[in-house]
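Counting in this note's numbering, the final residue of the sequence shown is number 1357, and the numbers go up one at a time with none missing. Beta carbons: idealized from backbone N, C-alpha and C, even for Gly. Taking it in order: structure first as structure tokens, then the write-up.
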Amino acid sequence: MRVQVAELTRTLGKMERQLEHQQSPRTPTTVSLPVGAEVGYELWGQRFAARNGNEVLVSILRHFAELAPEFPERYSRAVKTLGRKRPYVARTVEAVYPGKPGLWKFTEVFAPSWYVGTNESNDKKLDLLRIACQTLGVRFEKDLKILRM
């Protein structure tokens, strides 16, 4: 098990470096969480810092998209169960916030050509992360622990 965790940690680090080179300059850098910091998350025993709930959501979705290339498509279908007219995840910013160009700035790329809306409450972001975990088979609050949004 420890060997698998170490392997996953190395793989995540490699994928983060690759993703940083592919994403826009707004991409938050994921770093180890310093002692005493509160906002961030822990994925398979490795801690990651974030400035806010948006960074927590987007960073985790990026990890998942790197781990499983089919994740964005499956996740897009899964979040439709939250019962809204507009999607939380889509291929364009216009589809995430249709008819509301003022909200397009509240989207982030989490995989090539996939956007997630960040103009949501932290409670809604937690719901979105629970569904992301279910989609990928990750145990929420076991494999993925949210320290604080």
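In this structure, Val1297 keeps its C-beta atom at 7 Å or more from the C-beta atom of Trp1312. By the Cβ-count criterion, Pro1277 is exposed, with fewer than 16 other Cβ atoms from all chains shown falling within 10 Å of its own Cβ.
Separation of the CB atoms of Glu1246 and Leu1355 is rounded to 6 Å, and the pair is thereby assigned contact status at 8 Å.
Beta-bridge partners assigned by DSSP to Ile1354: Tyr1249. For Glu1316, the number of other beta carbons within 10 angstroms of its own is at least 16, and it is reported as buried. Taking every protein chain shown into account, the CB of Glu1263 has 16 or more other CB atoms within 10 angstroms, so this residue is buried. In this structure, the straight-line span from the alpha carbon of Ile1268 to that of Leu1337 is close to 8 Å. The three-state secondary structure of Val1324, taken from DSSP, is strand. Straight across, the Cα-Cα distance linking Ser1329 with Asn1260 is about 12 Å. Scanning its chain for C-beta atoms nearer than 6 Å, with the 5 sequence neighbours on each side dropped, one finds around Ala1319 the residues Ala1273 and Pro1280, in chain order. Around the CB of Leu1251, 16 or more other CB atoms lie within 10 Å, so the residue is classed as buried.
Pairing Pro1306 with Arg1294 gives a Cβ-Cβ distance under 7 Å.
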